[in-house]
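Each residue of the first sequence is one higher than the one before, starting from 1 at the first, in our numbering.
Glycine is no exception: its CB is placed at the ideal position from the N, C-alpha and C atoms.
None of these values were measured; they are calculated from a predicted model.
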Amino acid sequence: MKFTVTMKRNHEFQRLYHKGKSAASPYLALYCRKSRRGQNRLGFTVGKKVGCAVKRNRVRRRLREIYRLHEHELTPGYDIVVVARVKAVYAKYAQLEKSFLSLADKLGLRKKAEG
RNA sequence: CAAGUAAGCUGGACAGCCGCGUGGGCAGUGCCGAAAGGCCGUCCAUGAGGAAAGUCCGGGCUCCGUAGGGCAAGGAUAACGGAUAACAUCCGCCGGGGGCGACCCUAGGAAAAGUGCAACAGAGAGAUACCGCCUUGUGGGCCUUGCGCCGACGAGGUAAGGGUGGAAAGGCGAGGUAAGAGCUCACCCGAUGGCUGGAGACUGCCCAUCGCUGUAAACUCUAUCCGGAGCAACACCGUGGAGGGACAUAUGGCUGGCCCGGCCGUCCCGUGGAGGUGGCUGGAACGCGCUGGCAACGGCGCGUCUAGAUAGAUGGCUGUCUUAAAGGACAGAACCCGGCUUACAGGCUUGCUUGCAAU
RNA sequence: CCGGGUGUGGCGAAGCUUGGUAUCGCGCUUGGUUCGGGUCCAAGAGGCCGUGGGUUCAAAUCCCGCCACUCGGA
Numbered sequence: 001m002k003f004t005v006t007m008k009r010n011h012e013f014q015r016l017y018h019k020g021k022s023a024a025s026p027y028l029a030l031y032c033r034k035s036r037r038g039q040n041r042l043g044f045t046v047g048k049k050v051g052c053a054v055k056r057n058r059v060r061r062r063l064r065e066i067y068r069l070h071e072h073e074l075t076p077g078y079d080i081v082v083v084a085r086v087k088a089v090y091a092k093y094a095q096l097e098k099s100f101l102s103l104a105d106k107l108g109l110r111k112k113a114e115g
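Written out as structure tokens, the structure is:
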């Protein structure tokens, strides 16, 4: 992921939950906030409620893959947090992908489609 | 063939494209840096489990404490013999229980060291006479006048029978007796001691004595074992900050109109928050062969190196094959080992038992 | 990684130490009182004591395994 660093600190997540814009679907919740950097910062939250370690890992890996494949479509300069909900465990990859893209559209993160 | 029982194996394979962690190589006069080095690119190798889980035991390792050891407290374990670094694990075996059987289950020391508890029911729960049975005394009733029968009150004997209970104090039979009673006898059961066999627990067509409620996963007693904490241990580096010392306290800067006042420097020592590095994987290791042992397990030889992350690397798409199905069994290393417990779609192998059929 | 606590009618709690009858408050149902409702009075229903085993004559209670929730420390 060329234009992205990961977010690790708890207080960074807390700031986004309180001050960022948000959008939600049955599978995911998305928080974002504009920053002054030239690159995006990305964080994932997969709570214990989702399931055991294997299930949490599977969801997180799928979400990271979705982000990686669509990174070039997003406008840089945002902090983004993706929160997985309980239903995400039972969702297929395509459903998660569709859900993520529609949420990104809602928050205006995607570049205008060119051509 | 069906039903069952025990043990073990497996937990998809291969290929392509994009992407990730670790280790190594190469290259660009690429980028950052004073340098060491780091980043980017590319190639190669490698990359979760049988339970990695729960964190229930045992050990290694590290630190703390301790001259060395003992006692107490607290905790754990509990037939016997062995295996092991050790264990509450494993193997063998004994006793008890279940099953037609293969086989399975078993916290299995001491109740005669002492204390406690045993509700309700029942006459009575180491203690007993409620009903009953028997003997006898007193005073009645009846008529068939007898060594008669009936019931009442009292004194005593009895543990056979009744009912209660989880349990009534060895069981059954015979003798015996007023009625009864291990009171006596035969058989059986149990306990203790001796003898026999066994390494031992234990055992027996043996002998003697005795007949004792249950509960210790109630307190307790006996024997054995245990110092405490845990890789967020621990060691090192450590912008800043707080502390101490040395130099300088002249000039300068900031606050300020000016004076007074306050703050600001460099080096060393030491503490050590955030963060970083080590600890970090070669080990009671794995595979094969030979060998000792009934087995657990041990010995010898040869070969192999096989995750090491730090918000945490295995994902996405596609094809082929095996398959009834792989799309969705259970499930993700976090210092490392030995066990235990729990979860698990299915598939496969072997031994044994019972039943049916055929030979 | 280490250590502790809780689970009992619909809700909140006692009972567990020292085993034998599951109790209390609110709520619920029915009846009465009232013109009607509340209050009050009387009666009643409702609990595999989280789950699976074991010890015991007998387990909510004692012991072991598991599940869920929760607290503390490094």
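query = Does the separation of the CB atoms of leucine 16 and alanine 84 fall below 9 Å?
reply = Here residue 16 corresponds to residue number 16 of the first sequence, with the count starting at 1. Here residue 84 corresponds to residue number 84 of the first sequence, with the count starting at 1. The answer is no: Cβ separation not under 9 Å.
query = Nearest to glycine 43 by CA position, among His11, Glu73, Lys98, Gln95, is which residue?
reply = The residue you call residue 43 lines up with position 43 of the first sequence. When each option's Cα is compared against that of glycine 43, the closest is His11.
request  = State the DSSP-derived secondary structure class of tyrosine 31, mapped to helix, strand or coil.
outcome  = Taking the first sequence and counting its residues from 1, one reaches residue 31 at position 31. DSSP places tyrosine 31 in strand when its eight states are reduced to three.
task = Taking 9 Å as the cut-off, decide whether the C-beta atoms of cysteine 32 and leucine 109 are in contact.
result = As a working mapping, residue 32 is identified with position 32 in the first sequence. As a working mapping, residue 109 is identified with position 109 in the first sequence. Cβ distance < 9 Å, so cysteine 32 and leucine 109 count as in contact.
query = Run through DSSP, which three-state label would lysine 106 get?
reply = In the first sequence, the residue the question calls residue 106 occupies position 106. Correct three-state label for lysine 106: helix.
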